[in-house]
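J.: First, the structure itself, so that you have it in front of you.
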Amino acid sequence: MAFDLTVKYAGEGGEGVISAGDFTMRAASNLGYEVVTFKSFPAEIKGGYALSQVRMSDEKILSQGDGFDILVAFNGEAYEVNKPLLEKGKVLIWDGPEGGDFEPDLEELEKMGVFVYAVPMSKLAKEEVGAYITKNVIAMASVFELFGFPMEVLKQEIVKKFSKKGEDVVNLNFKAIEVAQNYIKEHIKKIDPYKVPGPLPKKDVIIVEGNEAIALGAAVAGVKVFAAYPITPATTVGNYLSPIILKTGGFVYQSEDEISSMAAIIGASFAGVKAMTATSGPGISLMQELIDLASMTELPVVVVDVQRAGPSTGMPTKHEQADLFAAALGGHGDDQRVVIAPKNVEENFYLTIEAFNLAERYQLPVLLLTDGSLSLRAEAIPTPDIKKIKENLIERPVVKKEEVKPEELENLFRYAITESGISPVFVPGVSPKPYTATGLEHAENSRPRTTPNERTVMMDKRFRKIKNIEQENPHLVEWDLGDLKEGDKADIAVVAWGLTASITQEAVKRLRDKGYKIAALYPKLLYPVPKNALEKLASMADKILVPEASYLGHFARFMKMFTNIPQEKIVQYNIYRGEPFIPKEIEEKILELLGEKVSA
Numbered sequence: 326m327a328f329d330l331t332v333k334y335a336g337e338g339g340e341g342v343i344s345a346g347d348f349t350m351r352a353a354s355n356l357g358y359e360v361v362t363f364k365s366f367p368a369e370i371k372g373g374y375a376l377s378q379v380r381m382s383d384e385k386i387l388s389q390g391d392g393f394d395i396l397v398a399f400n401g402e403a404y405e406v407n408k409p410l411l412e413k414g415k416v417l418i419w420d421g422p423e424g425g426d427f428e429p430d431l432e433e434l435e436k437m438g439v440f441v442y443a444v445p446m447s448k449l450a451k452e453e454v455g456a457y458i459t460k461n462v463i464a465m466a467s468v469f470e471l472f473g474f475p476m477e478v479l480k481q482e483i484v485k486k487f488s489k490k491g492e493d494v495v496n497l498n499f500k501a502i503e504v505a506q507n508y509i510k511e512h513i514k515k516i517d518p519y520k521v522p523g524p525l526p527k528k529d530v531i532i533v534e535g536n537e538a539i540a541l542g543a544a545v546a547g548v549k550v551f552a553a554y555p556i557t558p559a560t561t562v563g564n565y566l567s568p569i570i571l572k573t574g575g576f577v578y579q580s581e582d583e584i585s586s587m588a589a590i591i592g593a594s595f596a597g598v599k600a601m602t603a604t605s606g607p608g609i610s611l612m613q614e615l616i617d618l619a620s621m622t623e624l625p626v627v628v629v630d631v632q633r634a635g636p637s638t639g640m641p642t643k644h645e646q647a648d649l650f651a652a653a654l655g656g657h658g659d660d661q662r663v664v665i666a667p668k669n670v671e672e673n674f675y676l677t678i679e680a681f682n683l684a685e686r687y688q689l690p691v692l693l694l695t696d697g698s699l700s701l702r703a704e705a706i707p708t709p710d711i712k713k714i715k716e717n718l719i720e721r722p723v724v725k726k727e728e729v730k731p732e733e734l735e736n737l738f739r740y741a742i743t744e745s746g747i748s749p750v751f752v753p754g755v756s757p758k759p760y761t762a763t764g765l766e767h768a769e770n771s772r773p774r775t776t777p778n779e780r781t782v783m784m785d786k787r788f789r790k791i792k793n794i795e796q797e798n799p800h801l802v803e804w805d806l807g808d809l810k811e812g813d814k815a816d817i818a819v820v821a822w823g824l825t826a827s828i829t830q831e832a833v834k835r836l837r838d839k840g841y842k843i844a845a846l847y848p849k850l851l852y853p854v855p856k857n858a859l860e861k862l863a864s865m866a867d868k869i870l871v872p873e874a875s876y877l878g879h880f881a882r883f884m885k886m887f888t889n890i891p892q893e894k895i896v897q898y899n900i901y902r903g904e905p906f907i908p909k910e911i912e913e914k915i916l917e918l919l920g921e922k923v924s925a
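In terms of the numbering used here, the sequence shown opens at residue 326 and continues consecutively.
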């Protein structure tokens, strides 16, 4: 039987809850386990409910899972929030019986079959260690001691994290570990069945968070200019990327607002280099006119939108998938842009590279849609083959002076009408001719022209670039048919994108293991809508479930707008609570649509 364990630390923001999860995740990865994290915290700098959940397994992990096996409650609020989730077989470690701010109903929990351990984390940190700040280390060490993690692995991570702060800081943390170990050995009798089996063979992996993966992908793709205005939850893209760019001779610009950052990357692209910005929903709203400018001037840029719950300020640190309409259709007039979305941390890396490739190939803005939960999620991903990736990068076809014969100059135009719609690229100082990158409608030679014929010709040219983007990039549509073949009849079909796709994958896998025939599609390409793939999927089932973390269900509505799928086939399933789906919810919704009874 596969090993699969989820530990959840919950408490007040600022207590080290997030750090506790990070240390546990890294320790589990160092032992050779697959890891996935889920983090949530309030917008306040300190205070409010925060959690860090770590799922570890000896098999591939697709999502954060349905819940926790072990809850470490730092305070009463954490206990009350999670109390409804405590059930038979789960473990509660609470801050008691002295020093904490609550006491659970032990008799009730015992009747429920919950395994309960009282560890006075606050008291031990204050009185035994002499530093309340080590409460989270007491919590971690208690988990390690109770469930069989090698304590040496935790100590190694402590040294990595705190050695720069000096020996005293490292020793303080070691003292907290020792205090926790001694308390568990002397006062706690283990009564639960959970135990980490032991180290697995080492894997060639790196541990990265979602936003870090985007930064690494951009660096590998060759970005030379990054301009952004800080905004939650996108800021850390720049935090990770800036030092890398500066070391490779690039330029980083923290702008006064999102409009300025968008203008800066358009200017950089005009000058011939790869450029990117990162923002969230409010920033996307401000950038729309300049995204249109990039479209009209046919300048490749990458815009990362780390979505958060809106509208307006909304919930800056919470999960949602409600920027798709703005990302795809937020401009005025009929522009050309591409919108893609990764479903996990590994895809954050590879799809960022893909975003640059698409931008360079089609000479337009590409928007990468991720989200707050995915930005914070950490995974151990296979170490990328950087050399191989760089061999397959797409670079813009810049026309160089030395490559053009004098007699060819007269008919050489920046916006030349071509069969594909893709024109030669000019870069000032490199190309033999200057041109004007203007937002005004223009002719082939870049000069403003507004005659009916030339307007029609230029609009057709620009749209030809993306007319066949689905067919030219089949890897941007991920099929998941199980044992089915294309054209077979399935019990039901499912379409999901972004983080919801990885969660849906797990739900689909569970149902297939029970014998259900499910056809699933996880589009990375969201706009232009992959019409052909969606219509093929629709031919395989009578119903298509589309789960989305938004009130309106943007992609389901795109399916109704841009495909010939009968609308009655498309079943929307929307949540908008600031947290992602869990696999169980999607699993139960599929069973409900199949007319199956769902156990409570």
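Ideal placement from N, C-alpha and C gives every residue a C-beta, glycine not left out.
Bear in mind that the values here come from a model prediction, so they are computed numbers and not experimental data.
Pairing CB atoms from the region 513-523 with CB atoms from the region 559-567, are three or more of them under 8 Å?
T.: Contact between the region 513-523 and the region 559-567 is absent, because fewer than three Cβ pairs lie under 8 Å.
J.: Is the beta carbon of A398 less than 9 Å from the beta carbon of F427?
T.: Yes, they are a contact pair.
J.: Considering N451, what are the terminal residues of the alpha helix (DSSP H) in which it resides?
T.: First, the residue type needs correcting, since residue 451 is Lys and not Asn in the sequence shown. Unbroken run through K451: none, as it is neither H nor E.
J.: Would you call the region 623-630 and the region 684-695 touching, i.e. three or more CB-CB distances under 8 Å?
T.: Result yes; three or more Cβ-Cβ pairs closer than 8 Å.
J.: Quick check on the burial criterion: 16 or more other C-beta atoms within 10 angstroms. Buried or exposed for P753?
T.: It is exposed - the Cβ of P753 has fewer than 16 other Cβ atoms within 10 Å.
J.: Mind listing, in chain order, the continuous alpha helix (DSSP H) runs of no fewer than 4 residues lying wholly within the region 589-656?
T.: Qualifying alpha helix (DSSP H) stretches, in chain order: 606-622, 649-654.
J.: When you measure from the CB of N461 to every non-hydrogen atom of the ligand NAD, does any distance come out below 8 Å?
T.: The model on display carries no ligand, and the ligand NAD is accordingly not part of it.
J.: Assuming A505 and A456 are in contact, meaning their beta carbons sit under 8 Å apart, how far apart are those beta carbons, in whole angstroms?
T.: Rounded, the Cβ-Cβ distance is 13 Å, inconsistent with contact.
J.: Which residue spans inside the region 340-391 form an unbroken beta strand (DSSP E) run of at least 3?
T.: Counting only runs of 3 or more, we get 359-365, 374-382.
J.: Given a cut-off of 9 Å, decide if I539 and A593 are closer than it, judged by their beta-carbon atoms.
T.: Not in contact: A593 and I539 (Cβ atoms no closer than 9 Å).
J.: So which of Y554, A866, V819 has the shortest CA-CA distance to G608?
T.: Looking at the Cα atoms, Y554 is the closest of the given residues.
J.: I think V819 touches I869, with their Cβ atoms under 8 Å apart; what is that distance to the nearest whole Å?
T.: Contact holds; Cβ gap of about 7 Å.
J.: Sort out for me which residues DSSP pairs Y852 with in a bridge.
T.: DSSP output for Y852 lists V664 as bridge partner(s).
J.: Assess, as a yes-or-no matter, whether the region 763-774 is touched by the region 809-824 under the definition of 3 or more beta carbon pairs within less than 8 Å.
T.: Counting Cβ pairs under 8 Å, fewer than three are found: no touch.
J.: Name the one or two DSSP bridge partners that W419 has.
T.: According to DSSP, W419 bridges with A398, A443.
J.: Using the Cβ count rule (16 or more neighbours within 10 Å means buried), how would you classify T761?
T.: Classification of T761: exposed, given that the 10 Å Cβ count is below 16.
J.: So is N407 buried or exposed if we call it buried at 16+ other beta carbons inside 10 Å?
T.: So N407 counts as buried.
J.: Should G535 go down as buried or exposed, given a rule of 16 or more other Cβ atoms within 10 Å for buried?
T.: Burial call: buried.
J.: Since I believe D329 is in contact with S382 (beta carbons under 8 Å), could you give me their beta-carbon distance rounded to a whole number of angstroms?
T.: Right, the Cβ-Cβ distance comes to about 4 Å (below 8 Å), so this counts as a contact.
J.: Using CA atoms only, rank isn't needed, just tell me which of P367, I531, G336, V379 is closest to F348.
T.: Among P367, I531, G336, V379, the Cα nearest to that of F348 belongs to V379.
J.: Comparing C-alpha positions only, which one of L851, D813, D808, A353 sits nearest to F474?
T.: Nearest of L851, D813, D808, A353 to F474, Cα basis: A353.
J.: Cα separation between L497 and M350?
T.: Each residue's Cα considered, the two are about 21 Å apart.
J.: Give the secondary structure of T677 by DSSP, where H, G and I count as helix, E and B as strand, and everything else as coil.
T.: Here T677 sits in helix by DSSP.
J.: CA-CA distance, G338 and E369?
T.: The straight-line gap from Cα to Cα measures roughly 8 Å.
J.: Tell me the DSSP bridge mates of L870?
T.: Note: L870 sits in a beta bridge opposite V819, V896.
J.: Within this structure, are the beta carbons of E704 and V533 separated by less than 9 Å?
T.: The answer is yes: Cβ separation under 9 Å.
J.: Quick one: complete alpha helix (DSSP H) runs, 4+ long, within the region 679-742?
T.: Counting whole runs of 4 or more residues, the region 679-742 contains the alpha helix (DSSP H) stretches 697-701, 711-716.
J.: Go through its chain and collect everything with a Cβ distance to H879's Cβ below 6 Å, but skip five positions before and after it.
T.: Around H879: L649, F650.
J.: Just to check my reading of the structure: L862 and L846 have Cβ atoms closer than 8 Å, yes? What is that Cβ distance to the nearest angstrom?
T.: Confirmed, about 5 Å.
J.: Buried or exposed: H657, going by 16 or more other Cβ atoms within 10 Å of its Cβ?
T.: So H657 ends up on the exposed side.
J.: Helix, strand or coil, according to DSSP, for L846 in the structure here?
T.: Reduced to three states, the DSSP call for L846 is strand.
J.: Going by other Cβ atoms of all chains shown within 10 Å of its Cβ, with 16 needed for buried, is A1008 buried or exposed?
T.: Absent from the structure is residue 1008, since the part of the chain shown begins at 326 and ends at 925.
J.: Are G574 and H644 close, meaning C-beta to C-beta below 9 Å?
T.: Cβ distance not < 9 Å, so G574 and H644 don't count as in contact.
J.: Leaving out five residues before and five after L765 in sequence, what residues of the same chain have Cβ atoms less than 6 Å from its Cβ?
T.: Excluding positions up to five away in sequence, the list reads P773.
J.: By the 10 Å Cβ neighbour count, where 16 or more other Cβ atoms means buried, how is E301 classified, buried or exposed?
T.: Look at the range of the chain in this structure, 326 to 925, and you will see that residue 301 is not part of it.
J.: Using the DSSP secondary-structure output, state which residues sit across from K333 in a beta bridge.
T.: Partner(s): Q378, L396.
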